[in-house]
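Residue numbers (this note's numbering), protein chains in the order written: chain A, 238 to 766; chain B, 238 to 766.
Comments concern the structure below.
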């Protein structure tokens, strides 16, 4: 399968391999800290601009594709990516340091996600078609015929995440949902996994070609530094931005997009500490098993999940103490796993050490380092007073760093929870005996998170219709939506109403005959299928 | 009905009349330019803050009201406002200078709108409930039970418009849709119609009291200058903003909301020139009738509609010339009507004079002034070259100022249209003979407007399910939504997913028994009712 990795590796602009004219780089294997794989050419400013030009040129014809055509493209993309198989997984393992089993699962999730969005594009319920027929006899004035559909916003820039080199990257959730909505996509490839990105981009481009899509529907830009991303956000032809990554990175793009002459939406999924609240009932049966499950979630994938449970609220007293003892033993037995990049490992080490060094913090336990870029997981605990006094305890340390906050009463707990920032998730560990407390907690948690769990752990995000991977500021830049699941498609569209337009001139989804069999409502009531 | 206008008039905070401690003012009757009506007390900064405190305190309980309870409140508000009847209309006439017939219609629209949102709140389809049932046997891992609903964002600040003292003001579309979504509302009353605002606020407050709503669900703030509005936008407890007004005003609020530590959505409906494209076929039968209808729409309500057709594209040649002659005659026969405020009349006079004075502009015709604050309507024409060279021709002059752009070919026309900013509406006047041109134009117009009309005139916005009163920047600050029609409710909510939460602890709309009979989907498919 060596032909899948051309030497050197290039960006793919509108279906064409484009050797970058702004130098070369090579990926780092985080498990060794050494350069690895073929050289990667980097695009110049003019070459990045060409990707946007192609996307803009593709917009009108891609936006006009039928539900079946768009679905065929997305399914072909899934098939092409599946076809890369183990060669893709191997490259992703080398570039990310993530285990083979995890990336095999992530590959299935990525292509499953594309197929789910294909189904969505095909069914076209997201077009939100509503028809209010004319009322020519209405008094005092007739009502005109009004028909609304949703149209794609325009070319979209997607910034892939380092921690999901497949499912949140080149052909991840942002790309899949934007393509399903009818928006051409320019991906700013993450340089932590450039060859993985290029392999996936090749698959998407082949799918676009063989399903007859306009070439500019998809491009992958591999370019160095922050300026290519800023250039994409600044380009007036880009109409929305998808981003998954750090708060600093997301905020920078958001501020930039807001400062444009025409501000555009930025959907940045940034950071969270994903509080878990342990109520007394959850400690009655088997606190050791709960502690094991907690440390399992905390250390999964070196803690490099957006939904990592960085904060856990635990009752004071004996049962809580028993949980702590078990958790300490559990974390001490864990070995650090390779983190995504040397820089991330360094930031984790510095951040977790800083927390541990705060006055008043109790060290609970730590595992052992696992070699290159594989720092040890760590667990500390504090009381609610210290937690309230030291805001850094509530900030995300990306990686397997856990803060346990011991609380005395539900009232104390509520005060602390009400002070938390917006989160992706919030979890309650409880039994029936805790119902009264849960009833008090749920509105507070729902007010601060996009997803509220009862039992279970927040790591593990289903790609379904009811999923919300989003939440209030600063977990995301826009709480009105999600970056995982089918609701994500709504981010990339806007409503347009057609008034009294003759049937022959209407977009197909608004025509009386409904040739695409799109779900529609009439005067607010869904039409019977 | 004199008791409806207490002397002096006060703000209403959480159901209580609150005499403002920051001075008094008196409304201006624009038809005379003289002060009119009772004195109005103005709130201090601390008093404005109290309104937000009350809204924040009301949030949790109001958000938890059932669909039926929320609908009862909105219907009661409509009934109470209807009960004000002619006293309200008379006061609005005095304060706005708009004719009685217009305001009688606007009153009916306002209460009809509240009843439509009551129906919407009752049906609760906007909650977007989706349920993905657990799959305990799924391999390799079980799927948890996932249920999503939408919850209200939080307290909302609404800035009423001067040009619709009822339908876009105190209990207008923003207020009705936010209340229907479950958000408490603080209205910053427009000081062009303070007593009208207070009368309506009294009605809404009585409705809240008699339907058992928390008092802070609604407040009207009457306060002077820009700082009270800025204070509302800055307050961390305010979670979204609705605004209808000038571009300068909307932009200022948007920039402020973006600069908050927690940025919030601002839905600002700002300005548009609402291009109308006349194609040759439309001039064949009766260009004089078309010209009459055009001038009718242009001068309706002194041109003070957001959807006023400020730009008209007309073919060069004899048929277009005939249209111009008719339009000139028509506009010359019109008398200016009182504008909303002396300041608006002055800006209109300056703006229309500036356009007329541009080198190369052809004066087409003008009506006569109608007394105090009632400047004459005006019509000018330019060619496409001048239009492209002088950007001010494409900017809104609020009022009855029309710019006719003469174009030579559809290709020339397309170039000009592609250069236009985002619009609320775009209209095509055509017949079957123009179909080829219309097919080229419609995607361009749909790409630049929230509503596309074929025939008819953009003034007149239906309040229905399929209406879009929105559009790309800078017509609005957020093209993804509308400020008129039932889709407007989606502006004020965000999705929250509940994972594996026991039925007894779920919000009612997510419980298995579905006690509120909310429309729901299961695994993406709508449940049969």
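We put the beta carbon where it would ideally sit given N, CA and C, even for glycine.
These figures come from a predicted structure and were not determined experimentally.
Asked                                                                                                                                                                             : Found
From residue 396 of chain B to residue 459 of chain B, what does the alpha carbon distance come to, in whole angstroms?                                                           : 11 Å
Count the other CB atoms, across all protein chains shown, that sit within 10 Å of the CB of residue 310 of chain B; report buried if there are 16 or more and exposed otherwise. : buried
Could you compute how far the alpha carbon of residue 532 of chain B sits from the alpha carbon of residue 414 of chain B?                                                        : 33 Å
Which residues share a DSSP beta bridge with residue 514 of chain A?                                                                                                              : A:550 and A:665
Quick one: residues in its chain with C-beta nearer than 7 Å to the C-beta of residue 254 of chain A, no 5 flanking neighbours on either side, listed in chain order?             : 247
Cα-Cα, which of B:621, B:761, B:639 and B:673 is closest to residue 655 of chain B?                                                                                               : B:621
To the nearest angstrom, report how far apart residue 436 of chain B and residue 314 of chain B are at their CA atoms.                                                            : 12 Å
Does the beta-carbon distance from residue 560 of chain A to residue 514 of chain A come in below 8 Å?                                                                            : no
Identify whether residue 384 of chain B lies in helix, strand or coil by the three-state DSSP scheme.                                                                             : strand
Mind pulling the chain A residues with CB within less than 9 Å of residue 381 of chain B?                                                                                         : 690, 692, 693, 697 and 699
DSSP three-state call for residue 369 of chain A: helix, strand or coil?                                                                                                          : strand
Given residue 597 of chain B, which residues of its chain have a CB within under 7 Å of its CB, disregarding the five upstream and five downstream residues?                      : 619 and 623
Terminal residues of the continuous alpha helix (DSSP H) containing residue 344 of chain A?                                                                                       : 337-360
At 4 residues or longer, what runs of the alpha helix (DSSP H) sit wholly inside the region 411-481 of chain B?                                                                   : 431-447 and 464-471
Under 8 Å Cβ to Cβ from residue 660 of chain A, same chain only, skipping five residues before and after it: list those, please.                                                  : 509, 510, 511, 512, 685, 686, 687, 708, 709 and 712
So what's residue 487 of chain A in DSSP terms, helix, strand or just coil?                                                                                                       : helix
Please confirm whether residue 734 of chain B has its beta-carbon closer than 8 Å to some beta-carbon of chain A.                                                                 : yes
Residue 616 of chain B by DSSP, collapsed to three states: which one?                                                                                                             : strand
For the alpha helix (DSSP H) containing residue 557 of chain A, list its first residue and its last residue.                                                                      : 555-569
Using C-beta distances below 7 Å, list every residue in its chain close to residue 279 of chain A, excluding the 5 sequence neighbours before and after it, in chain order.       : 257, 259, 260, 261, 262, 459, 460 and 461
Could you please tell me which residues of the region 699-728 of chain A, in chain order, have their CB closer than 9 Å to any CB of chain B?                                     : 699, 701, 702, 703, 704, 705, 706, 707, 708, 709, 710, 711, 714, 715, 716, 717, 718, 719, 722, 723, 724, 727 and 728
For residue 473 of chain A, tell me which candidate among A:630, A:495, A:481 and A:755 has the shortest Cα-Cα distance.                                                          : A:495
Which same chain residues end up closer than 7 Å to residue 737 of chain B when comparing Cβ atoms and leaving out the 5 residues on each side of it in sequence?                 : 381 and 382
Compare the C-beta of residue 680 of chain A with all C-beta atoms of chain B and state if any pair is closer than 8 Å.                                                           : yes
Per DSSP, which residues does residue 504 of chain B bridge with? Please list them.                                                                                               : B:479
Using a Cβ-Cβ distance cut-off of 8 Å, determine whether residue 384 of chain A contacts chain B.                                                                                 : yes
Residues in its own chain within less than 7 Å of residue 487 of chain B by CB, not counting five upstream and five downstream?                                                   : 480, 505, 507 and 714
Using a 10 Å radius around the Cβ and a threshold of 16 neighbouring Cβ atoms, would you call residue 323 of chain B buried or exposed?                                           : exposed
Just to confirm the assignment, what range does the alpha helix (DSSP H) spanning residue 603 of chain A have?                                                                    : First-last for residue 603 of chain A: 599-603, but that is the beta strand (DSSP E), not the alpha helix (DSSP H).
Shortest alpha-carbon distance to residue 465 of chain A belongs to which of A:733, A:358, A:634 and A:287?                                                                       : A:287
From this set, B:448, B:645 and B:672, which residue's C-alpha is nearest residue 307 of chain B's C-alpha?                                                                       : B:448
For residue 446 of chain A and residue 252 of chain A, which I take to be in contact (beta-carbon distance under 8 Å), what is that distance rounded to the nearest angstrom?     : 6 Å
Put residue 574 of chain A into one of helix, strand or coil per three-state DSSP.                                                                                                : coil
Can a CB atom of chain A be found closer than 8 Å to the CB of residue 336 of chain B?                                                                                            : no
Under 8 Å: do the region 719-728 of chain B and the region 329-337 of chain B share three or more Cβ pairs, one atom per stretch?                                                 : no
Which of the three DSSP states, helix, strand or coil, is assigned to residue 310 of chain A?                                                                                     : helix
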